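Working notes for the structure below.
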Amino acid sequence: MTFSDLYNMVFHLMRDETRSKFSLDYVKKWLNDAEREYCNRTEYGVKKSTAISTEIAKREYSAPSDSKLIRTLYYNGNRLGGPIDIEDTIHSGGDENGTPSAYYVELDKIGLEPIPTAVGTLTVIYYSLGGAMSTASDTPIIPQEHHMLLVYRACYYACVEAEDDRLNVFYAEWVKGLADALIDNMKKNPWPQIDLGERLEVSRHNHDMGI
Numbered sequence: 608m609t610f611s612d613l614y615n616m617v618f619h620l621m622r623d624e625t626r627s628k629f630s631l632d633y634v635k636k637w638l639n640d641a642e643r644e645y646c647n648r649t650e651y652g653v654k655k656s657t658a659i660s661t662e663i664a665k666r667e668y669s670a671p672s673d674s675k676l677i678r679t680l681y682y683n684g685n686r687l688g689g690p691i692d693i694e695d696t697i698h699s700g701g702d703e704n705g706t707p708s709a710y711y712v713e714l715d716k717i718g719l720e721p722i723p724t725a726v727g728t729l730t731v732i733y734y735s736l737g738g739a740m741s742t743a744s745d746t747p748i749i750p751q752e753h754h755m756l757l758v759y760r761a762c763y764y765a766c767v768e769a770e771d772d773r774l775n776v777f778y779a780e781w782v783k784g785l786a787d788a789l790i791d792n793m794k795k796n797p798w799p800q801i802d803l804g805e806r807l808e809v810s811r812h813n814h815d816m817g818i
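In terms of the numbering used here, the sequence shown opens at residue 608 and continues consecutively.
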């Protein structure tokens with residue numbers, strides 16, 4: 608289902624085809640929120656990549672908004688070391704310039720060490736948690752058989768907004784679907800074990816399906 612299929616289904620189930628009760632922006636937000644929650648609750652992720660143009664004398668860049676785990680970074684095709692501790696950039700006064708050879712992650716920022724002295728391309732390999740749909744033709748990253756769960760969750764939010772007594776019905780569909788999806792995804796899409804050189808390890812935990 609495309610993004611437009613999803614939000615049109617929400618309007619249909621909420622009996623609001625004229626879009627007089629709910630704004631399209633709100634419905635889009637609810638669907639994206641639902642996809643992020645799905646990925647977090649079921650530990651589902653999709654490997655993606657994006658390219659960022661670096662600037663002279665600029666150290667930090669925004670990480671992809673849908674990133675859950677930064678896997679690998681390349682600068683002009685060369686793999687960067689890291690992630691390093693941000694404190695490690697202080698050894699040179701924190702202002703050393705040159706060709707980046709390592710990186711750190713601080714909140715939603717990716718920092719390069721040393722600071723670039725030329726324009727370049729930073730390629731980010733990461734695992735997406737979804738929630739980044741914007742155009743009508745965008746599609747969820749989650750398995751197609753689970754797309755309707757996003758609709759049920761968005762309808763739940765709409766019911767809360769409109770004080771619609773069907774909220775328990777949509778919530779029950781969401782919770783049951785998440786429980787089934789968690790089992791499916793553990794079999795089909797286990798999170799990767801990161802090698803020691805990347806200094807990260809991902810482990811799996813079961814989550815309570817309630818709010």
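Where a beta carbon is used, it is the ideal one built from N, C-alpha and C, also for glycine. For clarity, every value in this text was computed on a predicted model and none was experimentally measured.
- For S660, there is no enclosing alpha helix (DSSP H); the enclosing beta strand (DSSP E) covers residues V653 to T661.
- Taking a cut-off of 8 Å on C-beta distances, the region 643-660 does not touch the region 706-713, as fewer than three cross pairs fall below it.
- Per DSSP, R678 is one residue of the beta strand (DSSP E) stretching across S674 to Y682.
- Within the same chain, and ignoring the five residues on either side of V767 in sequence, the residues whose Cβ sits closer than 7 Å to its Cβ are L774.
- A distance below 7 Å between beta-carbons, with the five flanking residues on each side excluded, links I693 to the following residues of its chain, in chain order: Y711, E713 and G718.
- Cβ-Cβ distances below 8 Å link E662 to P723 and V726 in the same chain, with the five nearest sequence neighbours on each side left out; the list follows chain order.
- The three-state secondary structure of V712, taken from DSSP, is strand.
- CA-to-CA, the gap between M608 and G705 works out to about 46 Å.
- Under the three-pair Cβ rule at 8 Å, the region 744-756 counts as touching the region 784-794.
- Leaving aside the five residues that flank W637 on each side, the residues in its chain whose CB is nearer than 6 Å to its CB run, in chain order, A761 and Y764.
- Under DSSP, N775 forms no beta bridge with any residue.
- The beta carbon of K716 sits closer than 8 Å to those of E667, Y668, S669 and A670, all from its chain and outside the five residues before and after it, given in chain order.
- A Cβ-Cβ separation of about 4 Å places I748 in contact with V653 under the 8 Å criterion.
- Every unbroken stretch of the beta strand (DSSP E) spanning 3 or more residues and falling wholly within the region 723-770 is given here in chain order: 727-735.
- One thing to note: N639 has its Cβ within 7 Å of the Cβ of M740.
- In its chain, beyond the 5 residues on either side, F629 have a beta carbon closer than 7 Å to the beta carbon of D623.
- Rounded to whole angstroms, the Cβ separation of R678 and Y734 is 6 Å, and the two are in contact under 8 Å.
- In its chain, beyond the 5 residues on either side, Y733 and S735 have a beta carbon closer than 7 Å to the beta carbon of K655.
- Of the residues E703, D612 and T742, the one whose Cα lies closest to the Cα of K665 is E703.
- In its chain, beyond the 5 residues on either side, L631, V634, K635, L638 and A761 have a beta carbon closer than 8 Å to the beta carbon of Y614.
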